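**Q** Here it is: the structure, laid out below.
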Amino acid sequence: GKRKFRFKHKLLSLDASMVELCAESFAWAKYKRTKGALNVHLVLDHDDYLPCYAVITEGKVADITEGRKMTFQPGTLVVFDRGYADYTWWLELTRGGVNFVTRLKDTASYGIVESRPVPKASNVLLDEVIVLVSQQEIGPEARLRRIEVWVEEKQTTMVFVTNNMKLAAQTLARIYKERWQLELFFKALKPCMKIKTFVGTSENAVQIQIWTALIAMLILKFLQLKSTFNWSLSNLIALLRQQPFVHRDLWTWINEPFQAPPEVEDPRLMFPL
Numbered sequence: 456g457k458r459k460f461r462f463k464h465k466l467l468s469l470d471a472s473m474v475e476l477c478a479e480s481f482a483w484a485k486y487k488r489t490k491g492a493l494n495v496h497l498v499l500d501h502d503d504y505l506p507c508y509a510v511i512t513e514g515k516v517a518d519i520t521e522g523r524k525m526t527f528q529p530g531t532l533v534v535f536d537r538g539y540a541d542y543t544w545w546l547e548l549t550r551g552g553v554n555f556v557t558r559l560k561d562t563a564s565y566g567i568v569e570s571r572p573v574p575k576a577s578n579v580l581l582d583e584v585i586v587l588v589s590q591q592e593i594g595p596e597a598r599l600r601r602i603e604v605w606v607e608e609k610q611t612t613m614v615f616v617t618n619n620m621k622l623a624a625q626t627l628a629r630i631y632k633e634r635w636q637l638e639l640f641f642k643a644l645k646p647c648m649k650i651k652t653f654v655g656t657s658e659n660a661v662q663i664q665i666w667t668a669l670i671a672m673l674i675l676k677f678l679q680l681k682s683t684f685n686w687s688l689s690n691l692i693a694l695l696r697q698q699p700f701v702h703r704d705l706w707t708w709i710n711e712p713f714q715a716p717p718e719v720e721d722p723r724l725m726f727p728l
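For this note's numbering, add 455 to where a residue sits in the sequence shown, where the first one is 1.
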């Protein structure tokens, strides 16, 4: 997680993922004419890749609507995508001592305050201090840093914006790439925890199933983190499903999954007939 970087900031990723439902069966979650939906909003702590905040809302609730309600400790570095493009909220984060890295919309209007030198032979194309046109009268606290980098694997340029003026441009680009860990968490959550199929159609039933899946995922991630065996999450889930009726110590199995279970004497032979 954060140990990949040398800075001392707490690194968090913020995003939401939609759980689609059938509007006919889940009328209370109507999102579009034929589709229902819920949004699962998560904040991922990169120290151990576990969520530290979660909330479930109606599908029509925008990412930024829930984002504005969240509070972060001063010194935290939060990564989020363009779904959280609210310049007033960005300014509130800056005033609260919270750092952020995100993507800048192509339509953003800004003025260049300073052009910074970029490292030679790096993928950083531009490093600029800017101020958004809508915030020009606010002063230095509204200044942002616009970083343009070349992404080799995608053969394209990406533009990031941050209120952090100290970290290297390449480091900030790598930090944004780390946001993918939250996408991986969502990808594992839905199929592994069977969130796409529900046992009930009421709002309470669906909420309980999603929260149960999140709790189960936290426990599984904890087991994966503490195990001395190099588990992939999918393998851990698949093999764990085969263990409920095997009499053995959980941690022994987690650390040595391919060791034969201990022989248990037939309880019927323990008592005289």
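Positions of the beta carbon are idealized from the N, C-alpha and C atoms, including for glycine. Only a predicted model underlies this, so the values are computations on that prediction, with no experimental measurement involved.
#1: May I ask you to report which of helix, strand or coil DSSP gives Arg537?
#2: In this structure, does DSSP put Asp582 in helix, strand or coil?
#3: Which residues in the same chain as Gly530 place their Cβ atom closer than 8 Å to its Cβ, once the five residues preceding and following it in sequence are excluded?
#4: In its own chain, which residues sit with a C-beta less than 6 Å from the C-beta of Tyr508, not counting the 5 before and 5 after it?
#5: Considering only residues of the stretch 628-685, which uninterrupted alpha helix (DSSP H) runs meet the minimum length of 4 residues and lie entirely inside it, listed in chain order?
#6: Here's the rule: buried if 16 or more other CB atoms are within 10 angstroms of the residue's CB, otherwise exposed. What is Met672?
#7: When the Cα of Ser589 is compared with those of Leu546, His702, Phe641, Phe460, which residue comes out closest?
#8: Express the C-alpha separation of His702 and Ile630 in angstroms, rounding to a whole number.
#9: Ordered along the chain, which non-local residues of its own chain (more than five positions away) have a Cβ less than 6 Å from that of Lys457?
#10: In chain order, what residues of the same chain lie with their CB nearer than 8 Å to the CB of Lys560, ignoring the 5 residues before and after it?
#11: Note down the Cα distance separating Asp518 from Glu607, rounded to an integer number of angstroms.
#12: Start and end of the beta strand (DSSP E) containing Leu511?
#13: Using the C-alpha atoms, what's the distance from Glu711 back to Ala597?
#14: Is it the case that the stretch 658-666 contacts the stretch 482-498, given that we only count it when at least three CB pairs across the two stretches are under 8 Å?
#15: The alpha helix (DSSP H) spanning Arg703 covers which residue range?
**A** By the coordinates alone:
#1: helix
#2: Strand at Asp582.
#3: Within the same chain, Gly530 has close Cβ partners Lys463, His464, Lys465, Gly552, Val553, Asn554.
#4: Val498
#5: 635-647, 658-681
#6: buried
#7: Leu546
#8: 44 Å
#9: With a pLDDT of 47 at Lys457, under the threshold of 50, the modelled position of this residue cannot be trusted; read the value that follows with caution. Once the five neighbours on either side are set aside, the close Cβ partners of Lys457 are Leu466, His501, Asp502.
#10: Arg537, Ala540
#11: Between Asp518 and Glu607, the C-alpha separation is close to 29 Å.
#12: It should be pointed out that residue 511 corresponds to Ile in this sequence rather than to Leu. It spans 505-513 - the beta strand (DSSP E) in which Ile511 sits, taken as one unbroken run.
#13: 54 Å
#14: yes
#15: Annotation for Arg703: no alpha helix (DSSP H) segment contains it, and DSSP assigns it neither H nor E.
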